[in-house]
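K.L.:
Number of protein chains: 2
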Amino acid sequence: MVTRVRKTKSVDRILAAAAELFYLHGLRGVGVEQVIERSGVAKSTLYVHFRTKEDLVAEYLRRTDESWRARLRAAAEAAGPAAADQLVGVFDALVDAFDRHGFFGCPFISAAVETTLDSEARAITIQHTERRQEWLAELSEQAGASDARGLAQQIGLLIDGALASGRLLQDRTVVDGAKAAAGHLIGSHLAVAQPTSVI
Amino acid sequence: MVTRVRKTKSVDRILAAAAELFYLHGLRGVGVEQVIERSGVAKSTLYVHFRTKEDLVAEYLRRTDESWRARLRAAAEAAGPAAADQLVGVFDALVDAFDRHGFFGCPFISAAVETTLDSEARAITIQHTERRQEWLAELSEQAGASDARGLAQQIGLLIDGALASGRLLQDRTVVDGAKAAAGHLIGSHLAVAQPTSVI
DNA sequence: TATCATACGAACAGTTCTGTTCGATTAAGC
DNA sequence: GCTTAATCGAACAGAACTGTTCGTATGATA
Chain A
1057 MVTRVRKTKS
1067 VDRILAAAAE
1077 LFYLHGLRGV
1087 GVEQVIERSG
1097 VAKSTLYVHF
1107 RTKEDLVAEY
1117 LRRTDESWRA
1127 RLRAAAEAAG
1137 PAAADQLVGV
1147 FDALVDAFDR
1157 HGFFGCPFIS
1167 AAVETTLDSE
1177 ARAITIQHTE
1187 RRQEWLAELS
1197 EQAGASDARG
1207 LAQQIGLLID
1217 GALASGRLLQ
1227 DRTVVDGAKA
1237 AAGHLIGSHL
1247 AVAQPTSVI
Chain G
1057 MVTRVRKTKS
1067 VDRILAAAAE
1077 LFYLHGLRGV
1087 GVEQVIERSG
1097 VAKSTLYVHF
1107 RTKEDLVAEY
1117 LRRTDESWRA
1127 RLRAAAEAAG
1137 PAAADQLVGV
1147 FDALVDAFDR
1157 HGFFGCPFIS
1167 AAVETTLDSE
1177 ARAITIQHTE
1187 RRQEWLAELS
1197 EQAGASDARG
1207 LAQQIGLLID
1217 GALASGRLLQ
1227 DRTVVDGAKA
1237 AAGHLIGSHL
1247 AVAQPTSVI
């Protein structure tokens, strides 16, 4: 049992170090040497748990997929019961991320750039995006948008744009701008669905 | 004179090859060896014209800055004389880019991920974005937006989002979605400025 | 024809990176 | 106390990458 605990600790320390480093410097900007130094494990230990660096990257992305979508969901739910409010609330997750540790984008922006077309990493990244979009489309539908997938796509664009620009400019107003834009877009889509409200 | 021509040809061939390769595989995903193989020049020739790989990357980004902004401008002007139409027309540049050679994002999304904070490449990238935003803000002001910088920022988010998502998903509908979203956002901003039009 | 800049090509140095190997060590379970 | 699984550490192999060097070739100009 305790052996199990030790084993888990090693893997977790590796993945925690990898997450920090990959997040800051990108997938290709971090070598396994840096990961082992930061995590404090021996290189041979790392290669016991991960066959290649690619495997490590893939596992890192899998974990990040879940935690990142969980954060988006949590931010949405914190915005209240109305689906329209939740769609706007999603952006509070970006605000939080920015305030917590500067802003280096969600790791999937990096992954979209730094992975080859045929890699497992890219497959995971695409799946992450699709899951996110599916969820945003559900929310959009609950909010009463006539073109739920279209609204979801536009909100997704704002999220990705904020992550990319935020990383580059290190300017938190982009996140606020994204949130405001989302509000406008949701308003536009619902106005079409419920013509009574505006026109 | 002819020596000048030859010299220019070498540099241009190097930069053309670099542009293609960097665009497809990212800055860190391309080695100088690949650049010289593709351009057909000797390695020593490359290092005559560029002191380091970093210098090559910087020059590549400088040229791309100009050509990319020129394309955005051309697409905007092709949309007609009205500033509001031009703001929407900007996205036709993305449509064109997608149709021409698949879609791998503008190189500055890659550069935002793959450059270190203190690099010249990042400085050029930031400057590129600022110039683009300044221009978008001018257009927004001409269109009569009350918060021109705010509108420009939101349009910029859509552009960057489309570039990032488009690269990942290879789906051209994201560009159409971005364009539609821009239309909505411009409408919202102008509605505030000119209350007579909607409410 | 002599000169000068440009480019070539091929070898080489030095670093960094991924991945391997293996004997020594630690600690928990029986 | 013995066994077993996990870890360590340190060396090593092999590849890839950046950057250098230098003798040679080419071609335009004077």
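Protein sequences, first through last, are from chains A and G.
When you read off a place in the first sequence, starting at 1, and then add 1056, the result is the number in this note's numbering.
When you read off a place in the second sequence, starting at 1, and then add 1056, the result is the number in this note's numbering.
For every residue, glycine included, the Cβ atom is placed at its ideal position computed from N, Cα and C.
(1) For Thr1059/A, does the three-state DSSP call read helix, strand or coil?
(2) So is Ser1221/A buried or exposed if we call it buried at 16+ other beta carbons inside 10 Å?
(3) Determine whether the Cβ of Leu1117/A lies closer than 8 angstroms to any Cβ atom of chain G.
(4) Looking at Leu1080/G: is its Cβ nearer than 8 angstroms to the Cβ of Phe1160/G?
(5) Can we say the stretch 1130 to 1144 of chain G touches the stretch 1189 to 1202 of chain G, given the rule of at least three CB pairs closer than 8 angstroms?
(6) Can you find a CB in chain A that lies within less than 8 angstroms of the CB of Glu1170/G?
(7) Using 8 angstroms as the threshold, is the C-beta distance between Thr1185/A and Thr1171/A below it?
(8) Use the C-beta contact count for Gln1209/G: other C-beta atoms within 10 angstroms, 16 or more gives buried, fewer gives exposed.
(9) Can the beta-carbon of Val1097/A be found closer than 8 angstroms to that of Arg1069/A?
(10) Anything in the stretch 1157 to 1186 of chain G with a Cβ closer than 7 angstroms to a Cβ of chain A? List those residues in chain order, please.
(11) Relative to the ligand MG, is the shortest distance from any of its heavy atoms to the C-beta of Arg1156/G smaller than 7 angstroms?
(12) Taking the Cβ atom as the reference point for each residue, do Tyr1103/G and Ala1075/G lie within a distance shorter than 8 angstroms?
(13) For a contact defined as C-beta to C-beta under 8 angstroms, what are the partners of Gly1087/A on chain G?
(14) Can you tell me whether DSSP reads Asp1174/G as helix, strand or coil?
(15) Closest Cβ-Cβ distance between Val1151/G and chain A: below 8 angstroms?
(16) With distance defined between alpha-carbon atoms, name the residue in Asp1152/G, Ile1092/G, His1105/G, Val1113/G nearest to Phe1078/G.
(17) Is the beta carbon of Glu1110/A sitting closer than 8 angstroms to the one on Ser1175/A?
(18) Below 8 angstroms between beta carbons is the criterion; list the residues of the stretch 1216 to 1233 of chain G that meet it against any residue of chain A, in chain order.
(19) Note down, in chain order, every chain G residue with its Cβ under 9 angstroms from the Cβ of Ser1196/A.
(20) Report yes if the C-beta distance between Ala1131/G and Asp1152/G is below 8 angstroms; otherwise report no.
(21) Are Gly1233/G and Leu1213/A touching if we call contact CB-CB under 8 angstroms?
(22) What does a CB cutoff of less than 8 angstroms around Thr1229/A pick up in its chain, not counting 5 residues either side in sequence?
(23) Considering only C-alpha positions, which residue in the set Arg1223/G, Leu1224/G, Ala1247/G, Asp1216/G is nearest to Lys1235/G?
(24) With DSSP as the reference, label Leu1083/A as helix, strand or coil.
(25) Taking only beta-carbon atoms, is Val1058/G less than 8 angstroms away from chain A?
(26) Quick check for students: name the residue ranges of the alpha helix (DSSP H) that lie wholly in the stretch 1101 to 1163 of chain A, counting only runs of 4 or more.
(27) Residues in its own chain within less than 6 angstroms of Ile1242/A by CB, not counting five upstream and five downstream?
(28) Please state if the CB of Ala1177/G and the CB of Ala1167/G are separated by a distance shorter than 8 angstroms.
(29) Kindly list, in the order they appear in chain A, the residues whose Cβ is closer than 7 angstroms to that of Leu1077/G.
(30) Between Ala1149/G and Leu1173/G, how many whole angstroms is the CB-CB distance? I'm expecting something under 8 angstroms.
(31) Below 8 angstroms on C-beta distance, what does Gln1209/G contact in chain A?
(32) Identify whether Ala1237/A lies in helix, strand or coil by the three-state DSSP scheme.
(33) Is Arg1156/A near Arg1084/G, with beta carbons less than 8 angstroms apart?
P.N.:
Let's see:
(1) Confidence in Thr1059/A is poor, its pLDDT being 41 and thus under 50, which makes the residue's placement too unreliable to answer from.
(2) buried
(3) no
(4) yes
(5) yes
(6) yes
(7) no
(8) buried
(9) yes
(10) Ile1165, Ser1166, Ala1168, Val1169, Glu1170, Thr1181, Ile1182, Thr1185
(11) Ligands displayed in this structure: none; no statement on the ligand MG is therefore possible.
(12) no
(13) Going along chain G, no residue has its Cβ under 8 angstroms from Gly1087/A, so there is no contact; the nearest lies around 12 angstroms.
(14) Reduced to three states, the DSSP call for Asp1174/G is coil.
(15) no
(16) Val1113/G
(17) Yes. Within cutoff.
(18) Asp1216, Gly1217, Ala1218, Leu1219, Ala1220, Ser1221, Arg1223, Leu1224, Leu1225, Thr1229, Val1230, Gly1233
(19) In chain order: nothing, as chain G lies at least about 13 angstroms away.
(20) Between Ala1131/G and Asp1152/G, the C-beta spacing is below 8 angstroms.
(21) yes
(22) none
(23) Asp1216/G
(24) Three-state DSSP puts Leu1083/A in coil, outside helix and strand.
(25) Any reading at Val1058/G needs caution, since the residue's pLDDT is 38, under 50, leaving its predicted position unreliable; the model's value is listed next. No, because no Cβ of chain A sits closer than 8 angstroms to the Cβ of Val1058/G.
(26) 1109 to 1133, 1139 to 1157
(27) Ala1140, Leu1143
(28) yes
(29) Going along chain A, no residue has its Cβ under 7 angstroms from Leu1077/G, so there is no contact; the nearest lies around 13 angstroms.
(30) Actually they do not touch by this definition, with Cβ atoms about 29 angstroms apart.
(31) Thr1229, Val1230, Gly1233
(32) helix
(33) no
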